[in-house]
Structure formats: structure tokens, C-alpha cells
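Reviewing the structure listed below.
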Amino acid sequence: MTDTICSISTSLGTGAISIIRLSGPESINLVNKIFTGKDLNQVESHTIHYGYIKYQNEIIDEVLITIMKAPKTFTREDIVEINAHGGIATTNKILEILLTIGARLAEPGEFTKRAFLNGRIDLVEAEAVSDLIVSDTEDSRALAINQLTGSLSALINNERKKIVTLLSNIEVNIDYPEYEDIKKITNSVLLPILKEIKIDLTKILEESKISKIIKEGINIAIVGRPNVGKSSLLNKFLNEEKAIVTNIAGTTRDIVEGSISLKGIKLNFIDTAGIRETSDIVEKIGVERSLSTINKADLIILVLNNAEELTEEDLNLLKKIKGKKYILFINKSDLPKELDYSNLNNYILGNTLTSDGIDLLKEKIIELFNLDTFKSKNLVYMSNARQISLVEKALKNIENALDALKNNIPIDMVEIDIKSCFDTLGEIIGVTYKDELIDEIFKNFCIGK
Ligand SMILES: Nc1nc2c(ncn2[C@@H]2O[C@H](COP(=O)(O)OP(=O)(O)OP(=O)(O)O)[C@@H](O)[C@H]2O)c(=O)[nH]1
Ligand SMILES: [Mg+2]
Numbered sequence: 056m057t058d059t060i061c062s063i064s065t066s067l068g069t070g071a072i073s074i075i076r077l078s079g080p081e082s083i084n085l086v087n088k089i090f091t092g093k094d095l096n097q098v099e100s101h102t103i104h105y106g107y108i109k110y111q112n113e114i115i116d117e118v119l120i121t122i123m124k125a126p127k128t129f130t131r132e133d134i135v136e137i138n139a140h141g142g143i144a145t146t147n148k149i150l151e152i153l154l155t156i157g158a159r160l161a162e163p164g165e166f167t168k169r170a171f172l173n174g175r176i177d178l179v180e181a182e183a184v185s186d187l188i189v190s191d192t193e194d195s196r197a198l199a200i201n202q203l204t205g206s207l208s209a210l211i212n213n214e215r216k217k218i219v220t221l222l223s224n225i226e227v228n229i230d231y232p233e234y235e236d237i238k239k240i241t242n243s244v245l246l247p248i249l250k251e252i253k254i255d256l257t258k259i260l261e262e263s264k265i266s267k268i269i270k271e272g273i274n275i276a277i278v279g280r281p282n283v284g285k286s287s288l289l290n291k292f293l294n295e296e297k298a299i300v301t302n303i304a305g306t307t308r309d310i311v312e313g314s315i316s317l318k319g320i321k322l323n324f325i326d327t328a329g330i331r332e333t334s335d336i337v338e339k340i341g342v343e344r345s346l347s348t349i350n351k352a353d354l355i356i357l358v359l360n361n362a363e364e365l366t367e368e369d370l371n372l373l374k375k376i377k378g379k380k381y382i383l384f385i386n387k388s389d390l391p392k393e394l395d396y397s398n399l400n401n402y403i404l405g406n407t408l409t410s411d412g413i414d415l416l417k418e419k420i421i422e423l424f425n426l427d428t429f430k431s432k433n434l435v436y437m438s439n440a441r442q443i444s445l446v447e448k449a450l451k452n453i454e455n456a457l458d459a460l461k462n463n464i465p466i467d468m469v470e471i472d473i474k475s476c477f478d479t480l481g482e483i484i485g486v487t488y489k490d491e492l493i494d495e496i497f498k499n500f501c502i503g504k
């Protein structure tokens, strides 16, 4: 990383000030070339200097320059921040000049990426920077700042420490079986330690899923056959006529979404196209989308029609949602009953005309996700899909190790699973990583961060 990057770090628009930031070995030198005030190469680190940006004999702006020398900076490189007067023309002009005289435009998230690659922050903390910027509720902000201050990383590192001690003991046993004074690693020694790690990881995983919900909300898919009243239900939840409702089967073709807040948690409702066999190309695509929404949702509300018998399609859908979190909503309770409920359980009867059953649905959601107890949780856990899937993997590794122990598999085989767990936990904080992953993570950042 020998080049010097530069970008506008404040949002571009009319404001009182905007900040142009540089990071890299040439930062101070480059700004010094266009700064009139004092020689920035001679000033102390972490100081601010008043003067003008001047280029080709033209004064561009009156500015304050912050000089921060490596290594005590965000990127651990030299950083210069130019506080200019806010305004698109001025800010862009300064950026343009810096690019002309040798800086390179930073990619999205490149400052944070450098902070990570230079060991200033780990991967979880880097992701927290991005989360902090986009957080739009008080809870998601609290979650992000907790991650950024390293509580989550400490938790993961703690587990890794336990495993490393275990691994080194196993290694010594395998390599030096003849030494009498080495503590023998037997199943009875291993078992309690592995169980303890399993309990820790399970707890982290459970609480992480809650954190994800705090950050992203609960995605609730409303699915069912055409004309059962899915869009009517969405509109009831949102309290607005968001989706088109008609008595024509196949009205909804594409996904319609809307959110409400329940107990401070965002519920993202996703109304889908009614599922049926169809030769209509547009509707077919809609049905495919509905089916994939089922797979991605945290909760499924399957809507059935009280006024019709169960059909083949209803039965297929009931099969499809098995094993997932779901609620059955039997709609149109105002119409004469034709549906046989005897084989159904876990259902709520209601209708969207009088709103019967809607409050019950909300209560059921609160109960299913324990929304009442959410606030009291300590928010230091994983909060994105990447982190959560890695904890799941690490937990699986430990479970495999425990199974192997129970089946009296030789210890060097058990060691492989324990080692995988250690590596997987390392991936979470970015001790081991692939370049493509790093690119993917930082690509989602905004420019200037
Ligand atoms: N009687 C009665 N009619 C209802 C109720 N809910 C919806 N309807 C009617 O049922 C018809 C279909 O409603 P929609 O909400 O469009 O149904 P949908 O499931 O979204 O249908 P598609 O988009 O075609 O899949 C409309 O004429 C609604 O007015 C209800 O609770 N009772
Ligand atoms: Mg609809």
C-alpha cells in the first residue's frame, strides 16, 4: 500500500463545512503543495493549521488542515483532513486538484479497509463501522458501537484462547507420549472443556440472531393461494392501501413490501403473488419470487380461505413451510365456513374486513420472537449473516468433536474438528481471510469511509 488515497468524507451537498480526507505516505506532502499558511512537513502530529488552498495562483478556499501522522491514526498511515467550506463546487475542486497532483480516488470503504489490513481494527469492528453509518434506530446504533469498541471481538478471542490451550495440550500428548510428567489428555479431560465451549457458542448464536433482528427487523412473508386475502392482510398491518386488492385471482404479480414497528422492532411484511400453476409468464415469475421469499423469510404467514376447502396447493404450501417459523391465518371468517380445520394446528381465525384476528397475529409474533424481552438484552453479539453463519459452523465443529469423543475416535481425529472450530472463529474477526471476502465486505461501504 504505497499509494495515497483521497476522497470527500462528508456527504456532498450544501453545508457549513465538508471534509476531504487523505491517507498514505504522500498525504502531508501533497496537501503541503497546495497549502499556504505554513510548511506542513514541519508541524507536529495531531495538530490543526489555518490557511488557504491555492492552486496555479488561484485561491480556492480558506481551510483548516488536520495533520495526523502514522501510526496513531485510523488507518495507521499518515492522514490529512482538509476542513473546507461546505459546497459542492469548492469541495469537488479541492478533490480534483489533489487527484491531479498525485492522489488516487479512494474506493468505497478503503480507509476502513486499510485500518483492517494494517491491524488497527479487526473484521468485526470494520463491519461495525459500516453498521454505525447506516444505523437508523437507537438499538442498532447501540449494537454497532458495542461491536466497534471490540466487545464482540473480545468474546470471540476468549473462545479462541480456550481452544488454543486445549490444542497445545493435545499436541504435546500426541508428540511426546513417553513423558510421564505431562498431563494426560483423556476423554474425561476434554469433554467438560468442549461442552463449555459448546455452551458459550450456543449462547452467542442465540443472542446474535436477536441482534440481527434488532438491526434488520423481522422479515415476514405473507404467502398463500391467489385471492385468499394476502394483500388485504398486508394493507391491514400497514394501515394503508399499499397493495392492490381485487377479486381477480392473480392480482399481485410482484413483491409488495412495507414495515411497521412492534415493541420497537421493525416488522418487514412481504406480500407475494398467489401461488398456483400458471402459464402467464409474468405471473409465473411472480410465483417463483413468492417461493424464494418463503426460503428467505424469518417468519411465514400462510393465509388460507375459511370459505373454501383445502386445495392441493394449500397442502403443498403447508408441506413447504414445515420446519420453518410460521403462523396459519385463516381469513374470511365473515363468510360461511367450508374449510376443515380438524387437521390444522397453530392457526388464527380472522378476517381483513373487520380486522378480527389481526391483534392476535401481532401477539403471536411477539411470542414467537420473544419481543417483550428484547430490550433487556446485552447487545454485543454478531449481527450480520456472515458472522452468524460462521458461528453456526464453529458450533458444528465442536459438536462433531464431541460426537467423535463419545464414539472413542482417536484423539488426533478429534483434534481436526477442534482445529476447524479455531479457524472458523478466526474467520469471524478476520485473522484468516480471503481477498475476495474482504473486497466483498468493503464494497458495501460508502466512499470516504
Ligand atoms: N369476505 C371477505 N373478503 C375478503 C377478505 N379479505 C379479502 N377479501 C376479498 O378477497 C379478494 C382478494 O383479496 P386480495 O387481498 O387481493 O387477495 P390476494 O391473496 O392478495 O390475491 P392475489 O394477489 O391474487 O394472490 C378481494 O376481493 C378482497 O376484498 C375477508 O376477510 N372477507
Ligand atoms: Mg395480492
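Following our numbering, the numbering of the sequence shown begins with 56 at its first residue and continues without gaps. Using N, Cα and C, we set each Cβ at its ideal position, and we do this for glycine too. Just so it is clear, the structure is predicted and the values come from calculations on it, not from any experiment.
Straight-line Cα distance separating residue j from residue i
| i | j | result |
| --- | --- | --- |
| Phe-324 | Gly-313 | 5 Å |
| Ala-181 | Ile-75 | 21 Å |
| Ala-362 | Ser-388 | 8 Å |
| Asn-213 | Lys-498 | 29 Å |
| Thr-479 | Val-446 | 8 Å |
| Asn-401 | Phe-384 | 9 Å |
| Thr-130 | Glu-422 | 45 Å |
| Asp-255 | Ser-190 | 28 Å |
| Asn-96 | Ile-83 | 7 Å |
| Phe-477 | Lys-351 | 29 Å |
| Pro-281 | Gly-305 | 6 Å |
| Glu-296 | Lys-216 | 55 Å |
| Cys-501 | Ala-276 | 30 Å |
Selection from the options that minimises the alpha carbon distance to residue i
| i | options | result |
| --- | --- | --- |
| Asn-371 | Ile-385, Gly-279, Glu-296, Ser-208 | Gly-279 |
| Ile-466 | Lys-387, Glu-226, Phe-500 | Glu-226 |
| Glu-251 | Leu-221, Asp-395, Asn-282 | Leu-221 |
| Gly-79 | Asn-87, Gly-329, Ile-60, Thr-91 | Ile-60 |
| Ile-268 | Lys-291, Asp-353, Leu-256, Glu-296 | Asp-353 |
| Tyr-396 | Phe-129, Asp-369, Val-337 | Asp-369 |
| Ile-136 | Phe-292, Thr-167, Thr-102 | Per the sequence presented here, residue 136 reads as Glu, with Ile not at that position. Considering only alpha carbons, the answer is Thr-102. |
| Ile-120 | Phe-90, Tyr-110, Asn-147 | Phe-90 |
| Pro-126 | Val-118, Arg-169, Leu-150 | Arg-169 |
| Val-179 | Pro-163, Lys-504, Thr-241, Ala-199 | Ala-199 |
| Lys-504 | Ile-149, Ile-143, Val-184, Val-98 | Val-184 |
| Thr-307 | Leu-289, Lys-351, Asn-294, Lys-318 | Leu-289 |
| Leu-457 | Leu-153, Asp-191, Ser-243 | Ser-243 |
| Lys-379 | Ile-349, Ser-334, Leu-399 | Ile-349 |
| Leu-359 | Ile-330, Asp-177, Asp-494 | Ile-330 |
| Thr-301 | Glu-343, Leu-245, Glu-261, Ala-328 | Ala-328 |
| Leu-77 | Thr-69, Ser-64, Gly-70, Ala-71 | Ser-64 |
| Ile-453 | Leu-394, Lys-216, Ala-161, Leu-246 | Leu-246 |
| Ile-496 | Ser-223, Leu-85, Phe-166 | Phe-166 |
| Glu-261 | Leu-450, Ile-188, Thr-57, Glu-99 | Leu-450 |
Distance cut-off 6 Å: residue i Cβ against heavy atoms of ligand 2
| i | result |
| --- | --- |
| Thr-192 | no |
| Lys-285 | yes |
| Thr-407 | no |
| Thr-487 | no |
Residues bridged to residue i (per DSSP)
| i | result |
| --- | --- |
| Ala-276 | Ile-325, Ile-355 |
| Ile-385 | Leu-359, Leu-404 |
| Tyr-110 | Glu-113 |
| Cys-61 | Leu-77, Leu-160 |
| Ile-320 | Leu-317 |
| Met-123 | Ile-134 |
| Glu-312 | Ile-325 |
Environment of residue i [buried if 16+ CB atoms lie within 10 Å]
| i | result |
| --- | --- |
| Leu-492 | exposed |
| Ser-431 | Its pLDDT being 46, under 50, Ser-431 is placed unreliably in this model, and the coordinates cannot settle the point. |
| Gly-174 | exposed |
| Gly-412 | buried |
| Ala-440 | exposed |
| Lys-468 | Position check: residue 468 holds Met in this sequence, whereas Lys was assumed. Label assigned to Met-468: exposed. |
| Val-337 | exposed |
| Ala-505 | Residue 505 lies beyond the residue range present for the chain, which begins at 56 and ends at 504; the question has no answer from this structure. |
| Lys-321 | buried |
| Leu-207 | buried |
| Gln-442 | buried |
| Ser-66 | exposed |
| Val-342 | buried |
| Asn-386 | buried |
| Glu-193 | exposed |
Any non-hydrogen atom of ligand 1 within 6 Å of residue i CB
| i | result |
| --- | --- |
| Lys-387 | yes |
| Asn-302 | yes |
| Thr-57 | no |
| Thr-306 | yes |
| Gly-272 | no |
| Pro-281 | yes |
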